[in-house]
Amino acid sequence: MLALALGQPIVLGIVQGAAFGLMAIGLVLIYKSSRVFNFAAGEFATLGAFAYYLSKDKVPVPIAAVIGVVVGIVAGLLTERLVVRPLANRPKVTVLVATAATAITIIAVQFLAGATGKTFAVPALWKGTLPFRILGLYVSYQQLIVLLALALAGGALALFFSQTDLGLATLATSQEPTASRLMGIRVNRVAMLTWGLAGGLGGLAGVLLSPTLGNFTPAYGTTDLLTQSFTAAVLGGMTSVPGAFVGGLALGLVQNLAQFNISSDTLPGAQFVAVLVVLVIVLLVRPTGILGKEA
Amino acid sequence: MTATLERPTEDEPEGSRPSPVEGRRFRPTPGGWAGRAAVPVGLLLIALWYTHHFSQGRSDILASGLVIAVGALSLNVLVGYVGQISLGHQAFIGIGSFTASYVIGQSGQSFYVGLLAGAAVGGLQAILLGLIALRVRGLYFALVTLSWGAVAENCIFRLKGFTGGGEGANASRPGGFITDRAFLVMCALVLTVVLLIDWRLVSTKAGRAFQAIRESPQVAANYGINVRLYTLYAFAVAGVYAGIAGALYASRRITVQAGDFTFASIALTYLIVTVVGGLRRRGGIVLFSLFYVLGGEYLPGWVRGLPLPGTLKANAGYLVQAISGVLAIVTLIFQPEGLGTFTAPMGRWLKGERFALGHGGAGAEGVDARP
Amino acid sequence: MPVLEASDVSIRFGGVQALTDVTLRVDEYEIVGLIGPNGAGKTTIFNCITGFYRPQRGKVTFKGVDVSDVGPHDRSAMGMGRTFQNVGLVKTETVLDNMLTAQHAAIDYSPLAGIVGSPTTFGAERRLRQRADALLEILHLGHLRDRPVAGLPYGVLKRVEIATALATDPDLLLLDEPGSGLGPEEADKLGDELLGLRHEFDLTIVMIEHHVPLVVRICDYVYCLNFGQLLTEGKPLEVRNHPEVVAAYLGEEAPEAEAEAERLEAAHLATEMRAADTGEVGV
Numbered sequence: 035m036l037a038l039a040l041g042q043p044i045v046l047g048i049v050q051g052a053a054f055g056l057m058a059i060g061l062v063l064i065y066k067s068s069r070v071f072n073f074a075a076g077e078f079a080t081l082g083a084f085a086y087y088l089s090k091d092k093v094p095v096p097i098a099a100v101i102g103v104v105v106g107i108v109a110g111l112l113t114e115r116l117v118v119r120p121l122a123n124r125p126k127v128t129v130l131v132a133t134a135a136t137a138i139t140i141i142a143v144q145f146l147a148g149a150t151g152k153t154f155a156v157p158a159l160w161k162g163t164l165p166f167r168i169l170g171l172y173v174s175y176q177q178l179i180v181l182l183a184l185a186l187a188g189g190a191l192a193l194f195f196s197q198t199d200l201g202l203a204t205l206a207t208s209q210e211p212t213a214s215r216l217m218g219i220r221v222n223r224v225a226m227l228t229w230g231l232a233g234g235l236g237g238l239a240g241v242l243l244s245p246t247l248g249n250f251t252p253a254y255g256t257t258d259l260l261t262q263s264f265t266a267a268v269l270g271g272m273t274s275v276p277g278a279f280v281g282g283l284a285l286g287l288v289q290n291l292a293q294f295n296i297s298s299d300t301l302p303g304a305q306f307v308a309v310l311v312v313l314v315i316v317l318l319v320r321p322t323g324i325l326g327k328e329a
Numbered sequence: 009m010t011a012t013l014e015r016p017t018e019d020e021p022e023g024s025r026p027s028p029v030e031g032r033r034f035r036p037t038p039g040g041w042a043g044r045a046a047v048p049v050g051l052l053l054i055a056l057w058y059t060h061h062f063s064q065g066r067s068d069i070l071a072s073g074l075v076i077a078v079g080a081l082s083l084n085v086l087v088g089y090v091g092q093i094s095l096g097h098q099a100f101i102g103i104g105s106f107t108a109s110y111v112i113g114q115s116g117q118s119f120y121v122g123l124l125a126g127a128a129v130g131g132l133q134a135i136l137l138g139l140i141a142l143r144v145r146g147l148y149f150a151l152v153t154l155s156w157g158a159v160a161e162n163c164i165f166r167l168k169g170f171t172g173g174g175e176g177a178n179a180s181r182p183g184g185f186i187t188d189r190a191f192l193v194m195c196a197l198v199l200t201v202v203l204l205i206d207w208r209l210v211s212t213k214a215g216r217a218f219q220a221i222r223e224s225p226q227v228a229a230n231y232g233i234n235v236r237l238y239t240l241y242a243f244a245v246a247g248v249y250a251g252i253a254g255a256l257y258a259s260r261r262i263t264v265q266a267g268d269f270t271f272a273s274i275a276l277t278y279l280i281v282t283v284v285g286g287l288r289r290r291g292g293i294v295l296f297s298l299f300y301v302l303g304g305e306y307l308p309g310w311v312r313g314l315p316l317p318g319t320l321k322a323n324a325g326y327l328v329q330a331i332s333g334v335l336a337i338v339t340l341i342f343q344p345e346g347l348g349t350f351t352a353p354m355g356r357w358l359k360g361e362r363f364a365l366g367h368g369g370a371g372a373e374g375v376d377a378r379p
Numbered sequence: 170m171p172v173l174e175a176s177d178v179s180i181r182f183g184g185v186q187a188l189t190d191v192t193l194r195v196d197e198y199e200i201v202g203l204i205g206p207n208g209a210g211k212t213t214i215f216n217c218i219t220g221f222y223r224p225q226r227g228k229v230t231f232k233g234v235d236v237s238d239v240g241p242h243d244r245s246a247m248g249m250g251r252t253f254q255n256v257g258l259v260k261t262e263t264v265l266d267n268m269l270t271a272q273h274a275a276i277d278y279s280p281l282a283g284i285v286g287s288p289t290t291f292g293a294e295r296r297l298r299q300r301a302d303a304l305l306e307i308l309h310l311g312h313l314r315d316r317p318v319a320g321l322p323y324g325v326l327k328r329v330e331i332a333t334a335l336a337t338d339p340d341l342l343l344l345d346e347p348g349s350g351l352g353p354e355e356a357d358k359l360g361d362e363l364l365g366l367r368h369e370f371d372l373t374i375v376m377i378e379h380h381v382p383l384v385v386r387i388c389d390y391v392y393c394l395n396f397g398q399l400l401t402e403g404k405p406l407e408v409r410n411h412p413e414v415v416a417a418y419l420g421e422e423a424p425e426a427e428a429e430a431e432r433l434e435a436a437h438l439a440t441e442m443r444a445a446d447t448g449e450v451g452v
């Protein structure tokens with residue numbers, strides 16, 4: 035019984051946390067390269083999930099998943115080109131408002147297409163569960179895939195930023211935009227790269243997480259992922275890819291432990307309260323995050 | 009560097025146009041005054057014709073626009089005046105709404121008591137948030153508001169004792185303002201009071217302090233302004249406006265539910281109305297609030313006549329949201345003053361100046377609070 | 170009686186000691202000059218005096234009151250008026266609005282009375298305007314009254330800033346490089362003007378200034394800072410001819426240490442405000 039009481043939130047928390055981590059890495063990438071807070075990120079995930087849902091019956095499921103990720107990438111690139119780049123020299127708060135406006139536009143388009151009030155059932159990439167229990171729970175392959183995706187994405191990006199020229203160039207752009215331009219780094223290309231990557235990560239989070247719950251609702255990336263992913267990124271210091279990775283997992287755990295242990299009769303929406311508490315405490319006590327370096 | 013201690017006129021920057029002080033010497037002819045007076049009278053007549061000639065529902069649509077206007081003016085205080093972003097305005101509006109309906113519905117007080125209670129509690133929650141804003145600035149604070157909105161939406165508004173849980177809470181309308189037509193008048197009265205307060209706010213001590221703080225807290229402190237106190241003051245004012253908007257919202261709908269106050273339906277919508285209307289542009293904000301609700305009412309009808317896919321026609325009610333979202337992005341990129349570009353010169357003309365587009369004066373920089 | 174006394178003020182930013190035991194004393198009706206090479210800590214001591222920085226050691230006394238724990242806005246209200254090196258004005262406001270904003274502490278109605286439109290506020294606002302106009306006339310800025318600050322030339326802004334500092338009704342005026350960007354003749358005129366203002370408003374003035382002739386002409390006393398320490402002090406001519414002062418100014422060609430100090434200081438300020446990466450400034 036005890037194993038179940040703790041096991042369920044832990045397993046679910048880690049899986050959800052992995053999705054938060056994926057999105058948080060995207061937020062961190064964009065913040066690192068252009069100091070922008072991207073409030074459209076949640077809808078990149080929703081669009082990915084919708085693309086997956088719409089193509090699942092027409093093509094094999096893994097290809098549908100790839101389509102979901104590609105749609106996320108396209109959404110990221112379009113946002114960069116149409117919304118963020120024209121505002122390049124404006125205050126970051128302006129850009130933030132513009133990404134929020136992008137989010138509501140995407141949400142409104144979903145409603146226009148008739149998604150209001152519906153839930154969309156999505157299949158797992160790989161059906162079935164592990165043949166043994168972990169913490170008293172059967173763990174599905176889909177849940178493992180989410181974790182694996184986070185580990186792969188986190189690892190690959192960490193390598194990318196420390197080992198490749200383009201990765202180093204991205205970091206240079208974030209720290210010294212003018213100097214980087216003088217040194218021949220194409221700032222626009224770096225921006226496209228980061229927004230594309232972030233969009234793809236968002237799409238991936240949407241494609242992978244929605245099947246673990248069985249379905250998703252319109253705008254779910256914004257309502258269920260955005261606040262949590264941002265908090266995860268802040269927890270990790272906002273500029274650290276490994277930090278976002280760890281922050282995502284930590285937040286998934288916190289949220290699920292709160293949700294499972296506090297009944298909704300006592301305090302409805304306890305998971306959201308937990309996120310707010312974590313966010314405010316981190317910002318007030320340790321603004322550099324758990325893994326962030328001192329500025 | 010030009011000589012600055014010479015006789016002043018020599019170092020005028022190039023391309024300078026007549027300053028507004030010269031413009032102010034202009035006095036309209038009696039006919040000019042009559043023309044100016046005709047505009048508000050005409051608008052009032054159109055509104056009366058619109059509401060009396062048609063069903064009660066038309067009044068309700070306009071009333072909902074006026075409620076949005078009050079809520080957007082609240083956001084304008086934060087984003088426009090002190091440069092603090094709020095992405096959790098569903099909390100501001102909803103808390104005012106549920107407080108009012110609690111006071112009216114469950115405690116049996118009058119609408120007016122409910123309105124005051126909504127304003128007070130709205131102000132208090134905003135001050136609490138403001139205390140965090142003193143420590144956490146800029147983009148990070150936007151996250152706190154986002155999270156606060158999510159907590160309000162999923163936790164506070166679902167507390168059974170406060171909001172009636174899923175069933176919702178009731179807030180009856182005041183005597184004499186029961187019908188939709190009469191309640192529109194109530195909304196217009198309240199909006200007028202809020203507009204007057206806002207006008208005095210920006211024309212006096214507090215408003216100037218806000219603008220200095222928005223641009224440079226350091227300069228503000230150097231001018232003798234208590235930055236922390238006035239930041240909190242701005243939050244309190246924004247919270248009070250939002251509480252008022254919430255109370256009106258409750259009585260207009262009569263029953264309110266948690267689902268009425270979501271991130272997309274309130275926080276993002278009001279933000280967009282504020283941006284497209286024009287930050288620090290009261291007239292533009294009120295105007296776009298009305299466009300927003302009228303668009304929501306009439307666009308679907310027009311769209312149904314067009315050769316478009318069926319689902320799009322069936323859900324055309326959301327068209328205004330989509331268009332407004334795009335408009336907001338376009339506004340931010342091309343026209344930071346929003347609709348204020350057109351309403352501000354109108355306003356100056358009505359006050360007896362020459363009509364001239366362009367002179368934005370202070371505050372023409374849109375969201376770009378800090379250079 | 171000294172109007173201002175800073176005693177043993179020390180402050181460090183990260184690993185850099187920006188000020189070490191700096192002691193200044195400014196008497197009533199004095200004009201005191203503060204000179205020294207770039208990065209010597211002149212603006213830093215201004216920030217300690219006006220309360221934007223809190224020194225780790227030492228204290229600041231203003232008009233006989235220890236103001237070490239008093240915030241910058243209260244020090245302004247107590248009678249410290251200040252200008253900034255890079256122009257501290259609200260750029261989106263007009264000159265007149267800046268003058269009105271700067272009189273904040275002197276406004277006797279409450280902010281609440283302001284927003285409910287209490288009748289007294291209209292009269293008070295009219296008086297603020299009259300005082301602003303009078304000050305602008307004195308500084309020959311009346312014709313710029315309704316111009317937005319953004320877009321005015323740098324030299325004009327420096328003068329507008331002096332006007333706003335006067336609008337805060339100061340007893341002590343702290344000027345950060347009032348003569349920067351001026352030619353010798355204009356600096357001379359500025360000197361006359363400052364002497365006139367001192368007389369008219371009964372001011373005590375501390376000014377950071379690089380124009381040595383201006384300093385020599387109008388200052389009663391001069392402090393020279395170098396590497397965050399007091400190098401020497403005394404009558405203007407004595408200080409100017411002091412061999413170490415001459416050496417310090419000659420040594421200005423190798424200011425790497427100072428540049429580093431300035432960089433660290435900026436970084437410190439940025440982290441303190443936690444707004445470095447949001448493109449904002451805070452207190």
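One line per chain: the protein sequences are A, B and C, in this order.
Once you know that position 51 of the first sequence is 85 in our numbering, the rest is easy, because the numbers rise by one and skip nothing.
Once you know that position 347 of the second sequence is 355 in our numbering, the rest is easy, because the numbers rise by one and skip nothing.
Once you know that position 83 of the third sequence is 252 in our numbering, the rest is easy, because the numbers rise by one and skip nothing.
Using N, Cα and C, we set each Cβ at its ideal position, and we do this for glycine too.
Asked                                                                                                                               : Found
Residue-chain proximity (A:GLY148, chain B), Cβ-Cβ < 9 Å                                                                            : yes
For C:GLN398: DSSP bridge partner residues                                                                                          : C:ASN395
Selection of the stretch 317-328 of chain B by Cβ proximity to chain A, strictly under 7 Å                                          : THR319, LEU320, ALA322, ASN323, TYR326, LEU327
Sequence-distant residues of its chain with Cβ nearer than 8 Å to C:LEU406 (five each side left out)                                : VAL385
Burial state of B:GLY39 (16 or more Cβ within 10 Å)                                                                                 : exposed
Contact with chain B by C:ASP243, beta-carbon distance below 9 Å                                                                    : yes
Nearest residue (CA-CA) to B:ALA352, options B:LYS321, B:LEU307, B:ARG288, B:ALA336                                                 : B:ARG288
Integer Cβ distance of B:GLU361 from B:PHE34, believed to fall under 8 Å                                                            : 6 Å
Limits of the unbroken beta strand (DSSP E) element including C:THR230                                                              : 226-231
Contact residues within the stretch 208-231 of chain B, judged by C-beta distance below 7 Å to chain C                              : ARG208, LEU209, THR212, LYS213, ALA214, ARG216, ALA217, GLN219, ALA220, GLU223, SER224, PRO225, GLN226, VAL227, ALA229, ASN230, TYR231
Whole-angstrom C-beta distance between A:VAL117 and A:SER136, which should lie under 8 Å                                            : Contrary to the premise, residue 136 of chain A reads as Thr rather than Ser in this sequence. Right, the Cβ-Cβ distance comes to about 5 Å (below 8 Å), so this counts as a contact.
Nearest-angstrom beta carbon gap, C:LEU372 and C:LEU364 [assumed within contact, 8 Å]                                               : Their Cβ separation, rounded to whole angstroms, is 10 Å, which puts C:LEU364 and C:LEU372 out of contact at 8 Å.
For C:PRO206, three-class secondary structure by DSSP                                                                               : coil
Short Cβ contact (9 Å threshold) for C:THR219 with B:ASN234                                                                         : no
Outcome for B:GLY183 when other beta-carbon atoms lying within 10 angstroms are tallied against a minimum of 16                     : exposed
B:VAL129 vs A:LEU310 beta-carbon contact at 9 Å                                                                                     : no
Proximal residues, the stretch 359-390 of chain C versus chain B, C-beta separation under 8 Å                                       : LEU359, GLU362
Under 8 Å by beta carbon: chain B residues contacting A:PRO120                                                                      : ILE341
C:VAL256 (DSSP reduced to helix, strand or coil)                                                                                    : coil
Terminal residues of the alpha helix (DSSP H) in which A:VAL307 lies                                                                : 304-319
Separation of B:VAL111 from B:GLY122, as counted between CA atoms                                                                   : 5 Å
Alpha-carbon spacing of C:LEU400 relative to C:VAL191, whole angstroms                                                              : 10 Å
CA-to-CA distance, B:VAL301 to B:TYR58, given in whole angstroms                                                                    : 14 Å
Residue nearest to C:PHE289 in terms of C-alpha spacing, selected from B:ARG208, B:VAL87, B:LYS321                                  : The displayed chain sequence assigns Thr, not Phe, to residue 289 of chain C. Closest option to C:THR289, Cα to Cα, is B:ARG208.
Contact list for A:LYS66 against chain B, beta-carbon separation under 7 Å                                                          : What A:LYS66 touches in chain B: nothing, since even the nearest Cβ is about 14 Å away.
Cross-strand partners of C:PRO317 (DSSP beta bridge)                                                                                : C:THR263
DSSP beta-bridge partners of B:GLY346                                                                                               : Beta-bridge pairing links B:GLY346 to no other residue.
Test: B:VAL85 CB closer than 9 Å to a CB of chain A                                                                                 : no
Residues within the stretch 250-267 of chain A neighbouring chain B, beta-carbon criterion of under 8 Å                             : ALA253, THR256, THR257, LEU260, THR261, PHE264, THR265
Contacts around A:VAL265, its chain only, beta-carbon distance under 7 Å, and the 5 residues preceding and following it disregarded : Just to set this straight, residue 265 of chain A is Thr in the shown sequence, not Val. Taken in chain order, the residues that qualify are LEU285, VAL309, VAL312, LEU313.
Same chain, Cβ closer than 6 Å to A:GLN177, neighbours up to 5 away in sequence not counted                                         : VAL49, THR246
Cα-Cα separation, A:LEU130 to C:ILE204                                                                                              : 44 Å
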